[in-house]
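Q: The structure under discussion is supplied below as structure tokens; questions concerning it will follow.
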Amino acid sequence: MQWRRIFTDTFKYPVFVSWFQQVVGLLLYVGLGELGAVFPPSMPPIVPRFRPSWRTAKAILPLTLSFVGMISFSNTCLLFVQVSTYQVARSLTLLFNLVLSYLVLGHVSSVKVRLACVLVVSGFLVGSFDPSTLQLLGVITGACSSVFQAIYMVFIKRAIIACNNDQNVVSGYNFLLASVLFLPAIYAAGEAHVWRELLAADYHVWGWLLLSGLLSSFFNVTSFWCVRVTSPLTFNVVGYGKACLQSLGGIVVLGDKVTAKSTMGIMLTLAGSFWYGQIKVAERGKERAAEGKKEDGEVRVGEKSSESSAVTTDSGGGAAGVRQRTGRT
957 MQWRRIFTDT
967 FKYPVFVSWF
977 QQVVGLLLYV
987 GLGELGAVFP
997 PSMPPIVPRF
1007 RPSWRTAKAI
1017 LPLTLSFVGM
1027 ISFSNTCLLF
1037 VQVSTYQVAR
1047 SLTLLFNLVL
1057 SYLVLGHVSS
1067 VKVRLACVLV
1077 VSGFLVGSFD
1087 PSTLQLLGVI
1097 TGACSSVFQA
1107 IYMVFIKRAI
1117 IACNNDQNVV
1127 SGYNFLLASV
1137 LFLPAIYAAG
1147 EAHVWRELLA
1157 ADYHVWGWLL
1167 LSGLLSSFFN
1177 VTSFWCVRVT
1187 SPLTFNVVGY
1197 GKACLQSLGG
1207 IVVLGDKVTA
1217 KSTMGIMLTL
1227 AGSFWYGQIK
1237 VAERGKERAA
1247 EGKKEDGEVR
1257 VGEKSSESSA
1267 VTTDSGGGAA
1277 GVRQRTGRT
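Take 957 as the starting number for the sequence shown in my numbering and just add one per residue.
Here's what the structure looks like:
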């Protein structure tokens, strides 16, 4: 809701705002790292000092490229849709996740997962047929953002591993690379004249921009942390809950227009998304249980082998003792 108010009322340049948010995040990250170096060793820094290397930057680059595409199209989508129907426009992420899992990893989804995906796509189609709440450009930019988000979720775990499971380092590199990669995106989006308007902007605009930069930085760091300590699946499930609150907030707080088609689209996409999350959590639980049983079986086999070796050794020693006593007799 915060971003849409900025893009529609305060500063109608979503790609530039996205770039500005990354610059604020980079300055904040570097500043905290340098500030932490001043304090004594007994006080650990919030983030490490930023000393970028080309090797790590290359490992993070695919993540940042998908991030730039995802954020650019996502923020542009907010120009053409209501907050309550934003989730409908962005709901194809689930479909593209399944497609990428099959093409890249060769993973075939279960029937239940595919049915949940059908439910989500049905909600997307129903919502798309209501131009009063979901414009065509909103549908297109939302779908493009979904593609990049699906790619982003593939690379996020790899990037964290490349940075020794330190989500703060990933954030620093992502801020740095995104600050560079968003610049050509600003010109590609036709926002090159934004610099003149920015210089003439009042303190109200600058205040909203700085606030959005601080909030965006916080969200980026916490999202990397969430994936590191849990999994991309958990991160997606949390996103489904956020989408539900977002749709409700758009209707209750902002007074978004509600029609039968838009309501049906929201309900179908949210129901399919929650069902998908429930299915994946259950499947993951079964996988962990199977892995636990397999490990227990290996431990038991190892224990039996050790016992058999001990029995064989004792038997051999006993026979030798008998022979020795017999010989002395």
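For each residue, glycine too, the CB sits at the ideal point set by N, CA and C.
Leaving out five residues before and five after Trp1231 in sequence, what residues of the same chain have Cβ atoms less than 6 Å from its Cβ?
A: Along the sequence shown, one-based indexing puts residue 1231 at 275. Excluding residues within five positions, the ones whose Cβ falls inside 6 Å are Ala1072.
Q: Of the choices Asn1121, Lys968, Ser1022, Val1060, whose alpha-carbon is the least far from that of Cys1033?
A: Taking the first residue of the sequence shown as 1, we reach residue 1033 at position 77. The candidate whose alpha carbon is nearest that of Cys1033 is Lys968.
Q: Is Tyr1159 buried or exposed, if buried means 16 or more other CB atoms sit within 10 Å of its CB?
A: Translated into positions along the sequence shown, residue 1159 becomes position 203. Exposed: under 16 other Cβ atoms inside 10 Å.
Q: For Gly1274, I'd like the list of residues in its chain whose CB is within less than 8 Å of its CB, leaving aside the five on either flank, ordered along the chain.
A: On the sequence shown, residue 1274 is found 318 positions in, with the first residue counted as 1. In this predicted model, Gly1274 has a pLDDT of only 49, less than 50, meaning its place in the structure is not dependable enough to derive any value.
Q: Is it buried or exposed, Lys1249, if we count other Cβ atoms within 10 angstroms and call 16 or more buried?
A: By one-based count along the sequence shown, residue 1249 stands at place 293. Its Cβ having fewer than 16 others within 10 Å, Lys1249 is exposed.
Q: Compute the Euclidean distance between the alpha carbons of Ile1298 and Phe976, then round it to the nearest angstrom.
A: Past the boundaries of the shown model lies residue 1298; the chain is included only from 957 to 1285, so the question cannot be answered.
Q: Just how far apart, CA to CA, sit Ile1112 and Ala1106?
A: Translated into positions along the sequence shown, residue 1112 becomes position 156. Translated into positions along the sequence shown, residue 1106 becomes position 150. So the two alpha carbons sit approximately 10 Å from each other.
Q: How far does the alpha helix (DSSP H) with Arg1011 in it reach, from first residue to last?
A: The residue you call residue 1011 lines up with position 55 of the sequence shown. From DSSP, the alpha helix (DSSP H) with Arg1011 extends over 1010-1033.
Q: Which same chain residues end up closer than 6 Å to Leu1165 when comparing Cβ atoms and leaving out the 5 residues on each side of it in sequence?
A: By one-based count along the sequence shown, residue 1165 stands at place 209. Phe976, listed in sequence order.
Q: Is it true that the segment 1055-1069 meets the segment 1132-1142, where meeting means three or more beta-carbon pairs spaced less than 8 Å apart?
A: They do not touch, by the three-pair rule.
Q: Leaving out five residues on either side along the sequence, give the residues of the same chain with a beta carbon under 6 Å from the beta carbon of Val1177.
A: Position 221 of the sequence shown holds residue 1177. Excluding positions up to five away in sequence, the list reads Ser1127.
Q: Going by the CB atoms, is the gap between Phe1052 and Ser1102 shorter than 8 Å?
A: Walking along the sequence shown from the start, residue 1102 turns up at place 146. Walking along the sequence shown from the start, residue 1052 turns up at place 96. Result yes, Cβ atoms of Ser1102 and Phe1052 sit closer than 8 Å.
Q: Give the straight-line distance between the Cα atoms of Leu988 and Leu1154, rounded to the nearest whole angstrom.
A: Residue 988 sits at position 32 when you count from the first residue of the sequence shown. Residue 1154 sits at position 198 when you count from the first residue of the sequence shown. Near 27 Å, if we compare the C-alpha coordinates of Leu1154 and Leu988.
Q: Once the 5 residues before and after Thr1012 are set aside, which same chain residues still bring their CB inside 7 Å of it?
A: Your numbering for residue 1012 matches position 56 in the sequence shown. Answer for Thr1012: Ala1118, Cys1119, Tyr1129, listed in chain order.
Q: Do you know offhand how far Ser1271's Cα is from Ala1246's?
A: Taking the first residue of the sequence shown as 1, we reach residue 1271 at position 315. Taking the first residue of the sequence shown as 1, we reach residue 1246 at position 290. Reliability fails at Ser1271, whose pLDDT of 49 lies under 50, so the model's placement of it is uncertain and the value that follows must be treated cautiously. Each residue's Cα considered, the two are about 37 Å apart.
Q: Using C-beta distances below 7 Å, list every residue in its chain close to Phe1131, excluding the 5 sequence neighbours before and after it, in chain order.
A: Sequence index remark: in the sequence shown, residue 1131 carries index 175 (1-based). So the list reads Gln978, Gly981, Leu982, Tyr985, once near-sequence residues are dropped.
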